[in-house]
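Here is the structure we will look at.
In the working numbering, the protein residues as written are 1232 to 1389.
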């Protein structure tokens, strides 16, 4: 009987630990999912500036060196995961200019960066077609998304 009590207590502690990690601790730990792909060669990168009137301006990059610099910039961002509800509360799409980007490593490995608003340039959504990739909203700590730097890198290619 005593062993069953200890086993039940241990199971409760493990379940409570998992709940605390998934609900609170996970959102305190800095993690950049793009960093895992920093050593791979980027084939293509494009970023779109979406204007409030529905138009968009797209910049593309195919040069290996320039794509490498863009990938280095993105992988060096200090990101902390955000809960979806908290991110939605921070973002304002009404008459806002926002950015979307795509990193393409080969035909099947693509990382999407979206929901970067000029009003809140420190919140972005990262998703991917890659199995096991940690999709979600992230907050940039200690800085903001420098879209001017990205456009400058791409414009030097042309």
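All residues carry an ideal CB built from backbone N, CA and C; glycine is no exception. Note that the coordinates shown come from a computational prediction; the quantities given were computed from them, not determined experimentally.
Counting only runs of 3+ residues, the beta strand (DSSP E) found wholly inside the segment 1284-1312 occupies 1287-1292, in chain order. C-alpha of residue 1260 to C-alpha of residue 1307: approximately 15 Å in a straight line. Less than 9 Å divides the Cβ of residue 1330 from the Cβ of residue 1279.
A residue is called buried once 16 or more other Cβ atoms fall within 10 Å of its Cβ, and residue 1354 is buried on that count. In the three-state reduction of the DSSP assignment, residue 1254 falls in the helix class.
Check the Cα spacing between residue 1285 and each of 1328, 1382, 1347 and 1256: the tightest is with 1328. The way I'd put it, the segment 1294-1302 doesn't touch the segment 1312-1320; fewer than three beta-carbon pairs between them come closer than 8 Å.
Here residue 1335 carries a strand assignment [DSSP, helix/strand/coil]. For residue 1342 and residue 1256, the gap between their C-alpha atoms comes out near 25 Å.
Residue 1366 counts as exposed, since fewer than 16 other beta carbons sit within 10 angstroms of its beta carbon. Distance from the Cα of residue 1275 is smallest, within the candidate group 1233, 1362, 1246 and 1290, for 1290.
Annotated as proximal: residue 1271 and residue 1336, with beta-carbon spacing under 9 Å.
A check of alpha carbon separations from residue 1362 across 1273, 1339 and 1245 identifies 1339 as the nearest.
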